[in-house]
Structure formats: structure tokens, C-alpha cells
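The structure under discussion appears below in the form of C-alpha cells.
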Amino acid sequence: MDKKNVSGQPLDIIDLEAEKDTDGSKVLIEFKDVCKKYQQGDHEFYALKDASLTINEGEMVVILGPSGAGKSTLLNLLGGMDSATSGHIMFDGSDLTTFNDNQLTSYRAQNVGVVFQFYNLIPTLTAYENVALMKDIKSDTTDPAEALDSVGLADHMHQFPSQMSGGEQQRTSIARAIAKNPRLLLCDEPTGALDTVTGKEVLKLLQDMSREKKRTVVMVTHNSFFADIADTVIRVKNGGIESIIHNDAPKDASEVNW
Amino acid sequence: MLTRKMWRDLLKNKTQFISIFLMSLLGMLVFVGIDAESSGGAAAADSYYQSQNLCDIWVNGAGFSDDDVRTAKKVSGVKDVEKRLTLTGNAEKYDNAYMHINFMDSNNINRLLLYDGIQFDPDKDGMWVQEWFARTNGINIGDTLTVKIDSMKIDGIVRGIIDAPDYVYYVSEMDVMYPNYQKCGLVFMPSSMFPDQPVRYNRLIVDVRDDMSDEADIAVIKERLEDAFDRDDIAVTGRSQDLSFSTFDAEVKQHHAMGSMFSIVFLAIALLGIVTTMARVTAGQRTVIGTMKALGFKKSTITMHYISYGFVISTIGCITGAWIGYVTMPPWILGMFEGSYLIPNLKGKITATDIYATCLAIAVSTLVSFLSCRKELRDMPAVTLKPPAPKKVRHSALEKSRLWLKLDFATQWNIRDVFRNKMRSLMGIMGVLGCAMLLECGFGCFDSINGLMDKMYGELMTADNKILLSSDAGAGYAYDLSNKYKGQMIQESSVEFMSGDVKKSGTATIVDEGNYVHIQDSDFRSEKLSDSGIAMTYKMANLLGLKAGDRVKWHFVGDDKWQNSRIAQIYRDPSIQGITMRRKVYESMEYTFRPTSVLTNMTVPSDITDDDEVSSILNVAQMKSSFQETMEMMNAMVYIMVIAAVLLGVVVLYNLGVLSFVEKTREVATLKVLGFNSSAIRRILQKQNIWLTSIGIVFGLYVGWVMLYVICTTVSETLDMYPIISVATYIYSIAGTFAVSVAVNFMFSKKVKTIDMVDALKGVE
């Protein structure tokens, strides 16, 4: 098995599965003493302090914590959307903290898919066009129709965001994220604006991404019920990592209630 | 996909983008339209002058013969010389039309352009008549035309219908500025038809060698000609001093200047529109930009995307405007030229300047849209995804003063709002400024022309009739006439002035006792004409670089006796530049007073013109009314300005209204929640509008005055026009601007009622 072959080609999914079965998981991301400091006037404030953690490829990770605990900062740093004040963030052997603007942009384009709490679709583009937009940034994208079909939106492809329900918009957002075939799928409170039933559907979709497609899914939430479906649960509090727990038998998304 | 997004975003913000589109369209329409028109006019004139071989230099004097032609031809740089006898007279028919009459024995310089009949032939008796005059008076080839020059009568058969390159513009003594070619004719005849032989020519026309035709060379040749003749009674002039050439030249230049000014106003407003609109669009799409960054779009891709809004709109606007301008403006304006300038083949011409200007306008618009969206692109995606930090509102100096506390809430709120949205406020002021400026300019043109007429024939010359005497009239006849009609005799003669190296031609007016001629000083205060010295016009003094108390050398054209006189007074005259003096001052220089006209307030029978001594009667009232009729050109200009003003005002203020309304929705909703009723809120909003409109009007009236000043002073070299703006114009401009502003604002403030408090205050997503 070539452990270094992690370029995200469909073939690798099979490789990874084999790998996981034999010698455990391959580390995709590693945080080493990461700090994020904000300056507000004369006042310094740590959104994240000395955070260290590892995330394995193909895992479903839930980051839990109350508002202001630093979980969004963690997610932003993971996604290359913000820069750390100190420490190192290793992604597949490369240190993100040494990246310049262009390298970070390319990292986001090639490796990361983001699902936002408020979907963040482009309002003047249809569902199909929102997904097709990814062709502008990455060459090996999934066909937009296929991606939308996989999230159950085949019938809503040509609707504008304003014509869709919240759940449909969030599924479009997921379709957009997975169309890139990202190695890392980041979700920021993906069910935060949805009702329980729709939220569950979305959770199921994300879990399937991890279980069936072997994507690394990192989800940020303040809802502790979601801890049950994760392979790994990272609890964050006051800018620090409180605990990291591995879940041997994660629940199915459909079994969660909140 | 991003292209699709752009089009849909443009559609979504259509009001603002349409206004940017319209402004860039109007800007380029006016610029290219007027540039194409004036360049085309200039090109048509150039090629006409070239093909008909317009002379470069005129030598005016008296008694020129073939010897003089030979003398002039010997001067180095001179290619060819011809002689002319140029006189004025009247046609026997056609309402006694004023005639410019030329006798010549060759026609290689200032060649006539033939429309009908046969080419000019010095050996063939006959008359070659100007086309407009012939057409409007129904004169055809083979008709007999009779012209009177003083007591002479000349009959001739019309052989050709022509135009002449040295007569693209000419006027009779009845016309002030606007020619009327039906009542003022032009005719050429062979010298052999002049009754007094041998002919004593009064003009030499000189064509210089092709390699010596730039201005500096011509100046040298002019000096050489003066030296060659060594006579003090001649005046050597170039094209710039020629009425026909210089009037058209000045007209073209004036159009150019005005076109540029209008365009700059429109384009400046288009740019301001782009700044405010793009800043709003990008601010409104902050989350979208953040998302695009988070998704991995390159900064350059996002930048290009937002720049493309400004680029696309200004490109469509500028190119459409340039095209419409080119297609519509030249035919329209040049069409109006037809009655004023006798130049064939007037048509618009696109120049490189037009293309550069279009590209430049697009480039600047694109740059401006880049600058206005740059702010949102700077930060990391995580920052852009969050709502923006609240705008910093600094307390202005005013707010710290005690006065602030005394102001009511509406005033405080509006002052803060104006300062917080400087660009938007500035754009509003600019729109109002442009609107007021154009209205003032438009109506001011009317005022200035009418003011000029009133000044000339109401303040400076107060007689109702001016009887023009022919050169046959002796002093005795003039005295009799003057006694009979209780008139005032005056003499008007051509003179040449010299001060240092500068030479200028002008008119000397000598006035006898009487009460019809008045003068005003340079500030338009009435003054008594000096008893002891000469008075010079303000414009002539400026041209010569002289002031009251200086000495000037001058002589009558056709007389080599030079005078060296002290300028006792400076006075202002709009139409005739030169000097004025009392008869006794004139006679003290040992000249004989020879009246050329008699001014009177009494009614003069029209059959008096049957006398050989009278060439025509000029009735001031009649002249004024016929002058009004020929003001078409001016009317058209005024229409353009008024239409442009209203359009400008509506487009800018509407755009502004949309902008501020959207921005203020939340604030207005908050005010509503707090319990302000709709009409109170409308009063608050209208208040700010009235302030900005007032500021815009104040500046607009000033800029309008400056523009009118530029228009007036560039009209022509011989006219001393000054801007006059009547109270009515101020009222129209102010009221018109306010009407536009209040009407547009009313539409928006009406919407206050429709703002749904709950909706407006919901999340900012």
C-alpha cells in the first residue's frame, strides 16, 4: 500500500478503506500548539490558545462547545480561511501556517469543501449554477447534476436559492461542497437554521459522506446530541481543547434526537 | 457562471446601473457628437479652403494696380497674387438687399465654387451670384441682376451660381452676428464691368508657397510685404483677422470647448455613480465575497468579477453614446450651420481623439470600480464572512460645539448622515450643480444676446433710425438731413492701430453734436465722451495691451497720415471695436468731418432711399425683430442645455434616491418603531434633500456663470460679449432645479409608508 497516495482520486477511497482495516488511520491534520489572538484596542484576547489535536483521514469529527468557545476559529483555521497567530497546522505533511495568501487560496480550492450555517449560496445563481461554479476553481469536479442528485435535489436544480426551503438550500450547499471532491469537508453548524426533520436529513448526508465516500468530515456545533454520531468528539472551552474522545460505535444519524 | 452572476446582479440593481449607463452614454454622446461635428466642420472647411485655394494674406488699401501685384509677387515666399475691388452696395430688387460686390480680372486664388452655369471668365460679362441668395430670392441663370453702388448702377446677366471660400460668413450692416443670406447677397463680376476705368483695386489677395504656409512663416511674409510696399496706407492681414475665416474657426473652437465641458460633467457624474453603486453592491455582497473566498476563488478572480460590472456598463454606455453621438449630433448641428456658414459638404468626422476618449472613459470607470470594491477584498475570508464592523462615526467639530445641542433631532440626524455618506452627498450635490449650471447657462445665453442687443440699441445708440449715406453724399446733404430729422451725424471709418509690434484693424467713430451716441466705461457705468481726446474700446485696448493714458498710433485705411494719440478714455462696446471721438477733437487733428450716417428718432419715409445719397435706412425695431428670427442656432443650444439639465438632474437624483433609500431602510424602520409617523420621517428625509439641493444650486450658479463667461468670450474676436444673467434666469434655474429635486425625492419619500418595520429589521442575510 502506498501511504503517500492521498491525492483524492476515486481509486484512493478503496485504498484508504483497506488501509484503515489493516493498520488503523492515516493522520490528515495535526494542530500543534495553535494560538489565535485578537487585538481589540488595548485589549488582547485569545480565541484559541495552545490547541493541539489530530484528525485522521476519513473520520467524522464533531467539534462541540458553547458560543465563543473558539470552535469557529478552529474551523476557520482548518479551512485555511484565517491565519494562526502561532503554532503549526499540518495538513498532509504541509504546514498551513507557512502558506502565503495564494497558497492558502489554492489549498481551499483543492482540498476543502465548506458547508455554512446560513448556506451562503449566491442568490443570483440557481442551485445548478451554484454547484457548477466550482468548475471555475477546480478541474476535477463532479458533474453538478450528479452532485445535486446525490443530495436528492434532482428536481430543484434550476431554482434560485430564494425559491427553495432552508433544507434544500443546505443540501445545495453540501452538493456544492462535495462537487469539488474535497479531502476535507467542513461544516459550520450545518443544521443550525433547520428544523429537526430536515436537520436529520442533512446529518445523514454528512455521515454518509464519511462512511460511504470516506471523506474527512469536520462538523462544528453546540448541540451535544451530535456527539453520538461522530468517530471523534473534540470539546472546546474558553479557547482551549477540553477533551478528545474517540467513539467506537457511533450512532446512525437517523437515531439521533434533539 | 460568474458572468451569469454579473448579469443577474446588474439586473437586480438595474436602476443604479441604468443611471451609470445613461451618464456614460450622455457623456460620450455629447463629447463624440460635438467633437465629430466640430472636427467634421473644420475638416470640411479645410478641404474647401484647400480645393478653392483660399488666400493666406490680404493687403487692404487703395489704388492697387498691376505694378503692385508685381511688387507683391517678388516677395520671397509668395506664390501668387491677385487683385480685387471689393465694395458694398444694394440690389435693386429683392428688398434692396445689401450686397457684397467683387470685381476681379482673374480667379485662381479664392476660386469660386460653381453650382450652376459657367465658370468665371474675366472676358465674359455677367454676374456670378452666391447660391443661398440666388435660391432664396428665385434668381436663375440668365436672369438680369441690377446692383447699385452709391450712384452707380450695374446690370448683368447671371452666368453662374457660386460659393466663395473667402465668404463662408458675411453680414450686412443690419446684422449683428447672425447672417441672413437672403437679405445680404454676394456677387462677383469681371473688372471690365466696373464703370470707372481703369479700376483702382482696393485689395490684393496673396497665396503663399505651400512650404511656407505655417503661421510663423506667414507672419514673416506679412512683414516682408509691408516692407516691400513701404506705404502707410495699407493694412496687411492674415486669416485670423479675416471675418469669414475667424468666425467659423471661433465657432468650431467654441463648440469644442463647450462639448468638453459638458462631457466632463456627465462623465464625472457617471464616475461618482460607479463609486457609490459599486461600493454599495460590494458592501451588500460582503457575505458572497467571503463565501467565494472561502470556496477557494482567487482574489484576482473575485476582483476581476467585480471590476467587470463597471467595465461592462461603462463600455456599453460609452460605446453606445459615442455611436449615437456620432450618428445624430453632427447632422443636427451642422444642419443648423447651413444658414450661418456657406461651407459645402459639412458632415461629421470621427477622430482619433474620440476613440482615445472612449477608451479613457472606460478605463477610468473600470479603475474606479476596482478602487471602490477593493475594501471588501483585503481581509481573510473568515473576517469577510462576518458582518462588517460598525462604521466609525467621528464627532465633527460642529457636534462638539454648543450649537449642536440646540439643533433638533432631524437636523442632527441629517448632518451625521451627510457626513457619514460623503460620496453619496457629493454625488447629489454634483447632480444638482450640473442641473442648475445647465439651466443657468441655457437661459443666460438668451439673456446675454438680448442684453447685447438692448445695450447696443437702447443704451449706447438710442436713435430709432440710422440713415446710411452713400459716398456720393456731400457734407451739405448730411447737414440738411440732420436738420430736417433733428438728427445726429456720425462718421464711421476703417482704421488701423499699432502699438509696439501689434497691429489691429478697427473702426473709428466720429460723433457730431447730438444725443444719440453714449458710452459706458468698462464697468458699464455711463460716461461722458471726452472733450479733448480719443476713447478706445475695452476689447481693442486689451488686444493692443493698452490702458487709459497710453498713446496709440493709428491711421485711416487708405490714408498714410499716422496719428499718435493719447487714449483719454476706455469704453465698452459689444460689436464695434476701435475708437470714438468728438467731431471737434477729430477736426483738431486737421481732418474734414465726412458724415457716413445720420441718427434720428423721427420717422423717415422709405422712399428716401431713392436718393442717390442714401444707401439704406436701418430701423432698430425692425432689425431687432429680424434678429430674433435668426436666432435658431441659439434656441437649439438652449434646448439642448435645458433637456440635458433636466435629464441630468432626474437621473442623478433618482439614482441617489434609490441608493440612500436602500441604505436608510433600516434606520427609517427603526424610527418608525420608535413611534415617528411617516410624514415626520418624510420631512426629515426631505430636509436633507433640500440642504444638498441648495448647496448644489449655489455652486451650480457659480459654475454656470463661469461657463457662460467662457462661451461669451470665445464667441468671436470682434465681439465684446459678456455674460448677462437676468433675475428671471436665476429664478428659472433655482426653481427648475428645486422642482426636479423635490419631485424625484417625493417619489422616494412616498415609499416610507411602504417600509415594513418587521421585515426591515429582520436579519441582514
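Residue numbers (the working numbering), protein chains in the order written: chain A, 163 to 420; chain B, 118 to 882.
Glycine included, every Cβ here is placed at the ideal spot set by N, Cα and C.
Treat the numbers as computed from the prediction; the structure is a model and nothing was measured.
Which same chain residues end up closer than 6 Å to Ile460(B) when comparing Cβ atoms and leaving out the 5 residues on each side of it in sequence? Position 343 of the second sequence holds residue 460(B). Same-chain partners within the cutoff: Ala161, Ala162, Tyr165, Val285.
With a cut-off of 9 Å, does the C-beta of Leu287(A) fall near any C-beta of chain B? As a working note, residue 287(A) is residue 125 in the first sequence. Chain B, which has a Cβ nearer than 9 Å to the Cβ of Leu287(A), makes this yes.
Use the C-beta contact count for Glu374(A): other C-beta atoms within 10 angstroms, 16 or more gives buried, fewer gives exposed. On the first sequence, residue 374(A) is found 212 positions in, with the first residue counted as 1. Exposed is the call here.
Quick one: residues in its chain with C-beta nearer than 8 Å to the C-beta of Glu704(B), no 5 flanking neighbours on either side, listed in chain order? As a position in the second sequence, residue 704(B) is number 587, starting the count at 1. Around Glu704(B): Phe710.
Take Leu202(B) as the anchor and find which of Tyr443(B), Arg320(B), Gln167(B), Tyr215(B) has the nearest alpha-carbon. Taking the second sequence and counting its residues from 1, the one referred to as residue 202(B) is at position 85. If we check each option's Cα against that of Leu202(B), Arg320(B) comes out closest.
List the residues of chain B whose Cβ lies closer than 7 Å to the Cβ of Asn282(A), in chain order. One-based indexing of the first sequence puts residue 282(A) at position 120. Under the 7 Å cutoff, chain B gives Thr404, Thr408.
Sequence ranges, alpha helix (DSSP H) only - wholly within the stretch 317-383 of chain A, length at least 4: 328-341, 358-373
With respect to the alpha helix (DSSP H) encompassing Trp245(B), which residues constitute its N-terminal and C-terminal limits? Along the second sequence, read from residue 1 onward, the residue named residue 245(B) stands at position 128. Trp245(B) -> not in any alpha helix (DSSP H); beta strand (DSSP E) instead, spanning 244-247.
Is Thr353(A) close to chain B? Criterion is C-beta to C-beta, closer than 9 Å. Position 191 of the first sequence, counted from the first residue, corresponds to residue 353(A). So no, Thr353(A) is outside the interface.
Please list the segments of the beta strand (DSSP E) lying wholly inside the stretch 642-725 of chain B, counting only runs of 3 or more residues, in order along the chain. Counting whole runs of 3 or more residues, the stretch 642-725 of chain B contains the beta strand (DSSP E) stretches 651-654, 668-673, 680-688, 695-699, 714-717.
Alpha-carbon spacing of Gly241(A) relative to Met123(B), whole angstroms: Here residue 241(A) refers to the residue found at position 79 of the first sequence. Here residue 123(B) refers to the residue found at position 6 of the second sequence. Taking the straight line from one Cα to the other gives about 27 Å.
Would you mind working out which of Phe673(B), Glu630(B), Thr720(B), Ile725(B) sits nearest Tyr708(B), comparing C-alpha positions? Stepping through the second sequence from its first residue, residue 708(B) is reached at position 591. Cα-wise, what sits closest to Tyr708(B) is Phe673(B).
What is the DSSP secondary structure of Phe793(B), counted as helix, strand or coil? What you label residue 793(B) is simply residue 676 of the second sequence in a count that begins at 1. DSSP, read as helix, strand or coil, puts Phe793(B) in coil.
Check each residue of the stretch 241-254 of chain A: if its Cβ is closer than 8 Å to any Cβ of chain B, include it; give the result in chain order. Gly241, Met243, Asp244, Ser245
Whole-angstrom distance between Val737(B) and Thr720(B), CA atom to CA atom: On the second sequence, position 603 is the one that residue 720(B) refers to. On the second sequence, position 620 is the one that residue 737(B) refers to. When rounded, the distance between both Cα atoms is 12 Å.
Pull the bridge partners of Thr261(B) from the DSSP assignment, please. Along the second sequence, one-based indexing puts residue 261(B) at 144. As computed with DSSP, Thr261(B) is found in a beta bridge with Ile274(B).
Name the DSSP bridge partner or partners of Leu226(A)? Translated into the one-based positions of the first sequence, residue 226(A) becomes position 64. Note: Leu226(A) sits in a beta bridge opposite Thr383(A), Arg397(A).
Is there a C-beta anywhere in chain A that falls below 9 Å from the one on Pro498(B)? Within the second sequence, residue 498(B) is the residue found at index 381, counting from 1. At least one CB atom of chain A sits nearer than 9 Å to the CB of Pro498(B).
For Met269(B), the nearest candidate out of Gly821(B), Asn582(B), Tyr847(B), Ser732(B) (CA to CA): Against the second sequence, residue 269(B) aligns to sequence position 152. With distances taken between Cα atoms, Met269(B) lies closest to Ser732(B).
Would you say Ser565(B) and Met758(B) are within 9 Å of each other, going by their C-beta atoms? Position 448 of the second sequence, counted from the first residue, corresponds to residue 565(B). Position 641 of the second sequence, counted from the first residue, corresponds to residue 758(B). Contact flag unset, no.
Identify, in the order they occur along the chain, each residue of the same chain with its Cβ nearer than 6 Å to the Cβ of Thr247(A), setting aside the five sequence neighbours on each side. In the first sequence, residue 247(A) corresponds to position 85, counting from 1. Counting only Cβ-Cβ distances below 6 Å, and skipping sequence neighbours, we find Cys197, Lys198, Lys199.
List the residues that DSSP assigns as beta-bridge partners of Asn218(A). Indexing the first sequence from 1 puts residue 218(A) at position 56. Looking at the DSSP assignment, Asn218(A) forms a beta bridge with Val189(A).
Partner residues on chain A for Phe134(B), Cβ-Cβ distance less than 9 Å: Here residue 134(B) refers to the residue found at position 17 of the second sequence. Going along chain A, no residue has its Cβ under 9 Å from Phe134(B), so there is no contact; the nearest lies around 14 Å.
For Val192(B), the three-state DSSP class (helix, strand or coil): For the purposes of this step, residue 192(B) is taken as residue 75 along the second sequence, with counting starting at 1. Looking at Val192(B) - three-state DSSP - the assignment turns out to be coil, as it is neither helix nor strand.
For Asp185(A), collect the residues of the same chain with a Cβ closer than 8 Å to its Cβ; drop the 5 residues on either side in sequence, then sort them by chain order. Taking the first sequence and counting its residues from 1, the one referred to as residue 185(A) is at position 23. Any answer about Asp185(A) is weak, because its pLDDT of 43 lies below 50 and its placement is not dependable; what the coordinates show is given next. Within the same chain, Asp185(A) has no close Cβ partners at all.
Run down chain A in chain order and give the residues with a C-beta less than 8 Å from the C-beta of Asp126(B). In the second sequence, the residue the question calls residue 126(B) occupies position 9. The contacting residues are Thr286.
Measuring CA to CA, which of Pro412(A), Val418(A), Phe388(A), Val380(A) is closest to Ser234(A)? Numbered from its first residue, the first sequence carries residue 234(A) at position 72. Cα-wise, what sits closest to Ser234(A) is Val380(A).
Which residues in the same chain have their Cβ closer than 7 Å to the Cβ of Ser416(A), if we skip the five residues on either side of it in sequence? Here residue 416(A) corresponds to residue number 254 of the first sequence, with the count starting at 1. Within the same chain, Ser416(A) has close Cβ partners Lys362, Lys366.
Go to Met252(A), then tell me how far its beta strand (DSSP E) extends in each direction, as first and last residue. The residue given as residue 252(A) occupies position 90 in the first sequence. 248-253 is the span of the beta strand (DSSP E), which, as asked, contains Met252(A).
Output needed in chain order: residues of the stretch 370-396 of chain A with a Cβ under 8 Å from some Cβ in chain B. For the stretch 370-396 of chain A, the set of residues with a beta-carbon nearer than 8 Å to any beta-carbon of chain B is empty.
Residue ranges of each beta strand (DSSP E) run of no fewer than 3 residues wholly in the stretch 428-452 of chain B, ordered along the chain? none
Please report how far the alpha carbon of Gly413(B) lies from the alpha carbon of Ala786(B), in whole angstroms. In the second sequence, counting from the first residue as 1, residue 413(B) sits at position 296. In the second sequence, counting from the first residue as 1, residue 786(B) sits at position 669. Gly413(B) and Ala786(B): Cα-Cα distance of roughly 37 Å.
7 Å Cβ shell around Asp183(A) - same chain, five flanking residues per side excluded: Taking the first sequence and counting its residues from 1, the one referred to as residue 183(A) is at position 21. Reliability fails at Asp183(A), whose pLDDT of 40 lies under 50, so the model's placement of it is uncertain and no value is given.
Mind checking His408(A): buried by the 16 CB within 10 Å criterion, or exposed? Mapped onto the first sequence, residue 408(A) falls at position 246. The residue is exposed, with fewer than 16 neighbouring Cβ atoms inside 10 Å.
Under three-state DSSP, which class holds Ser268(A)? Position 106 of the first sequence, counted from the first residue, corresponds to residue 268(A). Helix at Ser268(A).
Extent of the continuous beta strand (DSSP E) run through Asn582(B): Numbered from its first residue, the second sequence carries residue 582(B) at position 465. Segment 582-586, the beta strand (DSSP E) holding Asn582(B).
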